[in-house]
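All residue numbers for the sequence shown refer to the numbering used here, where the first residue is 1 and numbers rise by one.
We treat Cβ as the ideally placed atom computed from N, Cα and C, and that holds for glycine.
Note that the coordinates shown come from a computational prediction; the quantities given were computed from them, not determined experimentally.
Accompanying notes for the structure given below.
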Amino acid sequence: MVSLRLTRRLPAFSDDQLKPTNQARMRRAKFALPSMVTLMSIACGFGSIVISVDNALDGNPADYRLAAVLLVLAGVFDALDGFVARATNTQSEFGMQLDSIADVMNFGCAPGLLLYCYGFVHVGLDSETLLRAGGIASFFFVACGALRLARFNVSVGRTDPRYFVGMPITAGAACVAAVVVAWPERPTTILHAAGIVALLFVVGSLMVSTVRFPSSKQKMSAGLVVALLINVGLLVWLKASYFVLFFLVYIVGTLALNLAWRTGWTGIAPPVIYQNEDVL
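Written out as structure tokens, the structure reads:
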């Protein structure tokens, strides 16, 4: 009895057919581009951390300022990666997750460590209590930043896009970095260091608050154009001190706006409260 073995012949592919086409390579490169920009942001945040640690005991003001400027540059790349993804139509879940992880390091851990090395390591040599308080305040800032990002990630599409719920972590990081940019000489008194503790607690609390901060998705108006021109003029005039003034006005103005909404004022349109909105 003869048994027949049936075999299925697979189609043969040439080496040229197995190689990715130029179009496929270009497509992969396009999807990698936003992630490369995000990695540049991470590089800036990591560089800030390295400079902060290396400078903890030496206290070179120029190095502290450089570490703070790197955080600002990380924020620029953070905004740029989203722009690149939208411009090339390469938004992806991977990119969103990478961006969120980068934000925790760049705008949570890096500024928290910068303020710890800048504000408490030197003064802490004379006051162990203040050193511990500085460590707690720095961790509080980092923890609030992580909570703020988690809340943002689960609230996408459930809140009015014109307003952020709580201060954005990028703004919080820029706010504390602005102090170092304006006054790079590290604190030499306990009172000055205590002010840094208060700064970290206040900014951290604003990040996890339910205060509505205006976003960049506001409609362009003549008032916004005038405000932009005024800010450019102040930057030229005040230079490094401008950023502290900017964030002071930003925070006080936002708190006043939220208070005005509670009293019924609608001169600036209040946020729309969605039915499925669940603020954490």
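The DSSP-derived three-state label of P34 is helix.
Apart from the 5 residues on each side of it in sequence, F164 sits with its Cβ closer than 6 angstroms to the Cβ of F213 and S215 in its chain, given in chain order. Here F247 is buried. Its C-beta has 16 or more other C-beta atoms within 10 Å.
In this structure, the alpha-carbon of D54 lies about 24 angstroms from that of G145. Per the C-alpha coordinates, the member of V123, T266 and S209 positioned closest to I196 is V123. Minimum Cα-Cα distance from T210 among the listed residues R28, A143, V236 and L259 corresponds to L259. When the alpha-carbon of P184 is set against those of F77, Y118, L200 and K239, the nearest one is in Y118. Contact between the stretch 173-182 and the stretch 127-137 is absent, with fewer than three C-beta pairs closer than 8 angstroms. Linking R27 to A137 through their CA atoms gives a straight-line distance of about 45 angstroms. Non-local C-beta neighbours of T88 in its own chain, meaning closer than 6 angstroms and more than five positions away in sequence, comprise K30, ordered along the chain. Distances from the alpha-carbon of Y274 to those of R158, L229 and T189 put R158 closest. Fully contained in the stretch 156-208 are the following beta strand (DSSP E) runs of length 3 or more, in chain order: 163-165. Around the Cβ of F141, a 10 Å sphere holds 16 or more other Cβ atoms; the residue is buried. In the three-state DSSP reduction, F120 falls in the coil class, being neither helix nor strand.
In the displayed model, P214 falls within a strand according to three-state DSSP. Going by C-alpha positions, I101 is about 21 angstroms away from I51. Counting every other CB atom within 10 Å of its CB across the protein chains shown gives D103 a total of 16 or more, marking it as buried.
In the displayed model, I268 falls within coil according to three-state DSSP, outside both helix and strand. In the three-state DSSP reduction, N89 falls in the coil class, being neither helix nor strand.
If you compare the alpha carbons of M40, P161, C109 and P271 with that of A174, the shortest gap goes to C109. Measuring C-alpha to C-alpha distances from V203 to each of M167, G233 and T189 identifies M167 as the nearest. Between N106 and G47 a beta carbon distance of about 10 angstroms is seen, past the 8 angstroms cut, so the two are scored as non-contacting.
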